[in-house]
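Residue numbers (our numbering), protein chains in the order written: chain A, 1 to 114; chain B, 1001 to 1112.
Built from N, CA and C at the ideal position, the CB exists for glycine as well.
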Amino acid sequence: SQTIHQWPATLVQPVGSPLSLECTVEGTSNPNLYWYRQAAGRGLQLLFYSVGIGQISSEVPQNLSASRPQDRQFILSSKKLLLSDSGFYLCAWSEWTGRNSPLHFGNGTRLTVT
Amino acid sequence: GNSVTQMEGPVTLSEEAFLTINCTYTATGYPSLFWYVQYPGEGLQLLLKATKADDKGSNKGFEATYRKETTSFHLEKGSVQVSDSAVYFCALTVNTGNQFYFGTGTSLTVIP
Chain A
1 SQTIHQWPAT LVQPVGSPLS LECTVEGTSN PNLYWYRQAA GRGLQLLFYS
51 VGIGQISSEV PQNLSASRPQ DRQFILSSKK LLLSDSGFYL CAWSEWTGRN
101 SPLHFGNGTR LTVT
Chain B
1001 GNSVTQMEGP VTLSEEAFLT INCTYTATGY PSLFWYVQYP GEGLQLLLKA
1051 TKADDKGSNK GFEATYRKET TSFHLEKGSV QVSDSAVYFC ALTVNTGNQF
1101 YFGTGTSLTV IP
């Protein structure tokens, strides 16, 4: 069966510090991978998605970036965090086979920028 | 374009009450429809799905029917429990399935 791992679960970082959140998927090949952000009490905002190694689509302009160095690894980064980067970050994956495949989410990372 | 509209929350119900959370959509192409549930401090979990018109998705006592004529996918449960307290998201994907469109979420609180 497929599993998704996302870490760390919680993170407190000062403004201006770098960020690296990692997500890996097991039990599937060539998944579509996604990073979402959820502000407190708000809905989901798609940040990045990837349909293959090195292929990243950015949905919103910001100081965040994403990379996919391996087929089942997706990394969210920032060189300098802003207070507004605080939130709940969710990694997700879906099968590449088309519209019938749902998204499967990790347990999320709670990021607090101080 | 593609979008999902959910009823505004929060919704507060007594235990064993009937639940309906409305969801309507617009889509270019033929969408698949999903309901997700998010418990406090956790990621989203797939609750149920439907991939074609008149399909009924069901899980854990929850049901939703894909209504193409009314572009709706309302979530229902006959008797809610305290453990159903969570935020519920309606979502769709179309065509290649690369992109998902979510509603804003509906918070449900069930009181004993």
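Closer than 8 Å to the CB of A:Leu90 there is at least one CB belonging to chain B.
A residue is called buried once 16 or more other Cβ atoms fall within 10 Å of its Cβ, and B:Ile1021 is buried on that count. In this model, B:Gly1041 and A:Arg37 are separated by some 13 Å (Cα to Cα).
DSSP, reduced to helix, strand and coil, places B:Val1087 within a strand of the structure shown. Residue nearest to B:Leu1033 within the set B:Leu1019, B:Ser1003, B:Thr1012, B:Ser1014 is B:Ser1003 (criterion: CA-CA distance).
For the C-beta of B:Lys1060, not a single chain A residue is nearer than 8 Å; the gap to the nearest is close to 16 Å. Listed by position along chain B, the residues whose Cβ is nearer than 7 Å to that of A:Val51 are Asn1098. Just measuring C-alpha positions, the residue of B:Pro1112, B:Ile1111, B:Val1110, B:Thr1106 sitting nearest B:Thr1005 is B:Thr1106.
Between A:Trp96 and A:Val51, the gap from beta carbon to beta carbon is short of 8 Å. In the structure shown, A:Leu83 falls within a helical segment according to DSSP collapsed to helix, strand and coil. Membership of A:Tyr49 in the beta strand (DSSP E) is indicated by the continuous run 44-52. Between B:Ala1050 and B:Leu1092, the C-beta gap is not smaller than 8 Å, which leaves the two residues out of contact. Bridge partners of B:Leu1092 according to DSSP: B:Leu1033, B:Tyr1101.
Residue environment for A:Gln70: exposed (fewer than 16 other C-beta atoms within 10 angstroms of its C-beta). B:Thr1109 and B:Gln1081 have their alpha carbons spaced roughly 9 Å apart. By the CB criterion at 8 Å, A:Ser20 and A:Ser77 fall inside the cutoff. Identification of chain A residues near B:Val1094 by a Cβ-Cβ cut-off of 9 Å yields Arg99, ordered along the chain.
The shortest CA-to-CA distance from B:Leu1046 to any of A:Pro18, A:Glu26, A:Asn107, A:Thr112 is the one to A:Asn107. The C-alpha of B:Gly1057 is placed about 20 Å away from the C-alpha of B:Gly1029. Counting every other CB atom within 10 Å of its CB across the protein chains shown gives B:Phe1018 a total below 16, marking it as exposed. A straight line joining the alpha-carbon of A:Gln2 with that of A:Ser84 spans about 33 Å. B:Val1082 sits in a helix when the DSSP states are folded into three classes.
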